[in-house]
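Numbering follows UniProt numbering, with no gaps: position 94 of the sequence shown is 94. A short write-up of the structure that comes next.
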Amino acid sequence: MRTQEVLCPTDFSSTAALALKYAVEMANLYHVDIRLLHVTSPARGAHCYGIAVDIPSTLESELKAFVDAKMQSLQQEMQQGLTEGLNIKLVVRHGDAIDEILAEAVDVGMLVIASHGSSGLADFLKPHVTQDIVKYAKCPVLVVK
1 MRTQEVLCPT DFSSTAALAL KYAVEMANLY HVDIRLLHVT SPARGAHCYG IAVDIPSTLE
61 SELKAFVDAK MQSLQQEMQQ GLTEGLNIKL VVRHGDAIDE ILAEAVDVGM LVIASHGSSG
121 LADFLKPHVT QDIVKYAKCP VLVVK
């Protein structure tokens, strides 16, 4: 752990913001850098209830600009609490959240992730990203709720 980064995935939610604070604490404790990760989802197409959805390139570029701005903002906020000399690396991946987080977690010392806050029907319909990360990650995982 003392030679590897702390990975902290974010979806820009309030729960993820709390997890970022824990990631900063872990990085300061172990004197390691942080890798801040955001995964953008692929567009839904003809396989989604037979409805074809085409995303224009302008929408994709706006999404990229939004994600880049949010990541830069989070980096600046986190850097203030980080011990001098430690860095925050920004990573944006595209694909399935579970697969991309696990792929990024291959060489990290710890993963700090927020639990999802949904319940009821929304919890039933969406994949349990945090549960799968805890189940399949090869490194220690700190779940923040």
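Here a beta-carbon is modelled for each residue, glycine too, at the ideal position from N, C-alpha and C.
- In the three-state scheme derived from DSSP, where H, G and I count as helix and E and B as strand, V32 is classed as coil.
- Within a 10 Å sphere around the beta-carbon of P140 sit fewer than 16 other beta-carbons, which makes this residue exposed.
- Here A65 is exposed, its C-beta having fewer than 16 other C-beta atoms within 10 Å.
- L20 sits in a helix when the DSSP states are folded into three classes.
- For K89, the three-state secondary structure derived from DSSP is strand.
- With a threshold of 16 other beta carbon atoms within 10 Å, H38 meets it and is buried.
- By the 16-neighbour rule on beta-carbons within 10 angstroms, A27 is buried.
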